[in-house]
Amino acid sequence: MKDITIHSIFGDYKVVFDEQLSSLSSFLEDSTVVFIIDEKVFKLYTQLFNTISPQRLILIKANERNKSYLSMVKIYEILTSFQAKRNLTLVGIGGGIIQDISGFIASTLYRGIKWIYCPTTLLAQSDSCIGAKTSLNFGKYKNLIGTFYPPERVLLSTKFLTTLSRKDFYSGMGEIVKLFLIDGENSLNYFKSQLSRNEIDLRNNIDELLMRSLLIKKRYIEEDEFDKGIRNILNFGHCIGHAIESVTNYAIPHGQAVTLGMIWANIISESSQMLSNEKKEMIYNTFLKNNHTISEKLISFDSGSIISAMKKDKKRVGDDLAIILLSENFKFNSKKDLKAEMITKTYDEFVSLL
Ligand SMILES: NC(=O)c1ccc[n+]([C@@H]2O[C@H](COP(=O)([O-])OP(=O)(O)OC[C@H]3O[C@@H](n4cnc5c(N)ncnc54)[C@H](O)[C@@H]3O)[C@@H](O)[C@H]2O)c1
Ligand SMILES: [Zn+2]
């Protein structure tokens with residue numbers, strides 16, 4: 041697969057499709073390189089990492105609790121103990137959580153050290169590995185602290201996907217569906233043909249889907265790297281999705297919460313006369329319904345707690361809520377004045393679909 045170059049104000053960077061991860065070899069024994077690796081990935085792929093000395097290895101359990109501001113202290117302590125300072129290189133290997141942690145640390149330590157990122161989940165390979173956002177949770181709330189800081193290079197091997205759980209595979213598919221919905225009708229025809237393939241086939245031959253997803257995202261982040269306008273559309277499904285993650289205490293993986301967020305947002309679009317019932321049903325049945333694998337047990341929240349969590353959204357201004365809504369012609373509207381009553385009004389229809 042051809043590399044993808046992302047143009048960035050910080051300097052262009054590449055996504056390199058490196059199935060065997062041969063580009064990692066030059067870092068493994070370099071004393072100025074420190075690795076932050078997802079503990080699970082380290083166990084599954086130990087043979088890849090066995091020449092890294094233990095002092096240069098930080099293993100982290102990938103969960104939202106560890107993506108917190110307070111958990112960073114320990115990592116800064118380890119990194120500042122190295123003789124190498126601004127010439128340190130940090131290599132993050134794992135899913136979106138390890139990306140956010142390693143990216144945040146790399147962007148803040150000594151005002152920025154070199155950072156290489158190797159995504160190991162579908163979500164990170166198809167979406168989060170580009171775009172330069174690093175985020176930490178604060179207390180109960182999602183991604184309230186963060187920076188813009190791209191990696192110097194993304195090293196992508198789809199081999200990692202073979203060990204991903206079903207839950208995490210469909211979490212990744214959630215962000216992919218979002219990207220294709222954003223890209224509209226033409227792209228959706230291709231995507232529909234992909235959805236007719238079975239899961240095993242899809243997992244084993246995912247390169248083109250990944251490439252197309254990244255190319256959709258590339259257009260938005262290059263036009264609006266700092267999320268001041270058009271890029272905001274990529275947040276489709278996230279305003280309610282983040283609220284669902286908070287109120288369920290992160291029991292639901294991110295991409296699954298985004299899928300639920302898209303389902304609920306489309307109900308709101310219909311209720312606001314922006315989307316016909318027919319189109320809403322078509323989108324639900326074709327693209328969203330089979331993509332949420334969450335057991336009902338996890339979905340026990342009321343509309344009031346969703347409203348409170350949505351009030352923590354950093355995109356919000358004033359008293360109302362922020363949301364991205366899809367309209368009939370696959371146009372998106374970034375609405376900053378959604379009334380809280382709309383969440384209450386549409387809650388029953390949303391819950392009836394779960
Ligand atoms: N910075 C951004 O631009 C951005 C964009 C989207 C999402 N995110 C963040 O990313 C996070 C979600 O990312 P994620 O879904 O990749 O989650 P994750 O990093 O938590 O990984 C999900 C699970 O998969 C496991 N795992 C990782 N790689 C594996 C592999 N190859 N084989 C088997 N198991 C593996 C992890 O240990 C974890 O249990 C959220 O915190 C979200 O907010 C960030
Ligand atoms: Zn996301």
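This note's numbering numbers the first residue of the sequence shown as 41 and each following residue consecutively. Quick reminder that beta carbons are idealized off the backbone N, C-alpha and C, glycines included. On a predicted model such as this, the values are computed, not experimentally measured, just so you know.
Does the beta carbon of residue i fall short of 7 Å from some heavy atom of ligand 1?
i       : result
Glu-192 : no
Asp-267 : no
Phe-139 : As written in the sequence, residue 139 is Gln, which differs from the Phe given in the question. Answer for Gln-139: yes, Cβ within range of ligand 1.
Gly-152 : no
Phe-144 : no
Lys-80  : yes
Leu-235 : no
Ala-291 : no
Gln-65  : Note on residue identity: the sequence assigns Ser, not Gln, to residue 65. Outside the cutoff, so no.
Gly-179 : no
Asn-330 : no
Asn-238 : no
Ser-175 : yes
His-47  : no
Ala-164 : yes
Ala-102 : yes
Leu-61  : no
Asn-183 : yes
Could you tell me the distance, in whole angstroms, from the CA atom of residue i to the CA atom of residue j?
i       : j       : result
Asp-241 : Asp-247 : 12 Å
Ile-303 : Met-314 : 14 Å
Leu-228 : Leu-378 : 28 Å
Ile-256 : Ser-367 : 19 Å
Met-251 : Glu-285 : 28 Å
Asn-90  : Ser-62  : 14 Å
Thr-72  : Phe-341 : 47 Å
Asn-317 : Glu-310 : 6 Å
Ala-124 : Gln-95  : 13 Å
Lys-352 : Lys-329 : 28 Å
Ile-100 : Glu-239 : 29 Å
Val-298 : Ile-308 : 15 Å
Glu-381 : Glu-389 : 14 Å
Tyr-290 : Asn-226 : 34 Å
Leu-394 : Asp-167 : 26 Å
Val-55  : Ile-46  : 8 Å
Met-350 : Thr-129 : 37 Å
Asn-369 : Gly-132 : 39 Å
Ser-345 : Val-287 : 7 Å
Lys-154 : Asn-127 : 7 Å
Lys-42  : Tyr-181 : 38 Å
For ligand 2, any of its heavy atoms closer than 7 Å to the Cβ of residue i?
i       : result
Glu-215 : yes
Val-298 : yes
Can you round the beta-carbon distance between residue i and residue j to whole angstroms, since I take them to be within the 8 Å contact cut?
i       : j       : result
Phe-266 : Phe-188 : 6 Å
Thr-198 : Glu-59  : 7 Å
Leu-184 : Ile-216 : The Cβ separation is near 26 Å, so there is no contact.
Leu-196 : Phe-67  : The pair is not a contact, with the Cβ atoms about 16 Å apart (cut-off 8 Å).
Tyr-53  : Pro-190 : 5 Å
Phe-75  : Leu-110 : At roughly 22 Å, the Cβ-Cβ gap does not stay under 8 Å, so Phe-75 and Leu-110 are not in contact.
Pro-159 : Val-194 : 7 Å
Thr-384 : Ser-343 : 5 Å
Assign residue i to one of three DSSP states: helix, strand, or coil.
i       : result
Lys-385 : helix
Phe-220 : helix
Asn-238 : coil
Thr-86  : helix
Asp-43  : coil
Phe-178 : strand
Leu-204 : coil
Arg-151 : helix
Arg-193 : strand
Thr-161 : coil
Lys-375 : strand
Tyr-109 : coil
Does the Cβ of residue i lie closer than 7 Å to at least one heavy atom of ligand 4?
i      : result
Val-55 : What this structure holds is ligand 1 and ligand 2, not ligand 4.
Counting beta carbon pairs with one atom in the region 213 to 222 and one in the region 96 to 107, are three or more of them shorter than 8 Å? no
Any contact of the region 139 to 150 with the region 167 to 178, i.e. 3+ C-beta pairs under 8 Å? yes
Would you check if there are 3 or more beta carbon pairs closer than 8 Å linking the region 271 to 285 to the region 356 to 365? yes
Would you call the region 207 to 214 and the region 161 to 169 touching, i.e. three or more CB-CB distances under 8 Å? yes
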